[in-house]
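Asks: In terms of UniProt numbering, the sequence shown has 10 at position 10, counting the first letter as 1, and numbering is strictly consecutive. Sharing a structure with you now.
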Amino acid sequence: MILSFACKETEKIWQGCRSRKLPSDIQERALRKLRQLDASNNLDDLRNPPGNCLEALVGDRQGQYSVRITKQWRLCFIWQNNSAYCVEIFDYH
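Here's what the structure looks like:
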């Protein structure tokens, strides 16, 4: 379950609105990933499909996880108590 967002643009996508700050070609796919994240009861739920490429992040994002939206864009979040916090869409490159 998604409990909080780190940015307003990601929250707009979740609410079914369009964001002017995010590329239009990723928004529908990002919404599908957000729905999958919201329906997940544990991190293992996000390992399928394998194209999600769930990974634990390091460096300045240590403690966070990401799921791939495209090669360039990721859905980043903190996973605690079977819920997602600080969810955001970010440019990986």
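We put the beta carbon where it would ideally sit given N, CA and C, even for glycine.
Relative to the C-alpha of histidine 93, which candidate in Trp79, Lys71, Val87 has its C-alpha closest?
Replies: Residue numbering aside, residue 93 sits at position 93 when the sequence shown is read from its first letter. The option with the nearest alpha carbon to histidine 93 is Lys71.
Asks: For serine 83, which of helix, strand or coil comes out of DSSP?
Replies: As a first step, residue 83 is located in the sequence shown; it is residue number 83 there, counting from the start. Correct three-state label for serine 83: strand.
Asks: Between the C-alpha atoms of aspartate 91 and glutamate 55, what's the straight-line distance to the nearest angstrom?
Replies: By 1-based counting over the sequence shown, the position of residue 91 is 91. By 1-based counting over the sequence shown, the position of residue 55 is 55. For aspartate 91 and glutamate 55, the distance between alpha carbons rounds to 15 Å.
Asks: Can leucine 12 and serine 19 be called in contact, C-beta distance under 8 Å?
Replies: Residue mapping note: residue 12 aligns to position 12 of the sequence shown, counting from 1. Residue mapping note: residue 19 aligns to position 19 of the sequence shown, counting from 1. The sequence shown places lysine at residue 12, rather than the leucine named in the question. Cβ distance < 8 Å, so lysine 12 and serine 19 count as in contact.
Asks: Does the contact criterion of 3 or more C-beta pairs under 8 Å hold for the region 22–31 versus the region 49–68?
Replies: With a cut-off of 8 Å, the region 49–68 and the region 22–31 do not count as touching, because too few Cβ pairs lie within range.
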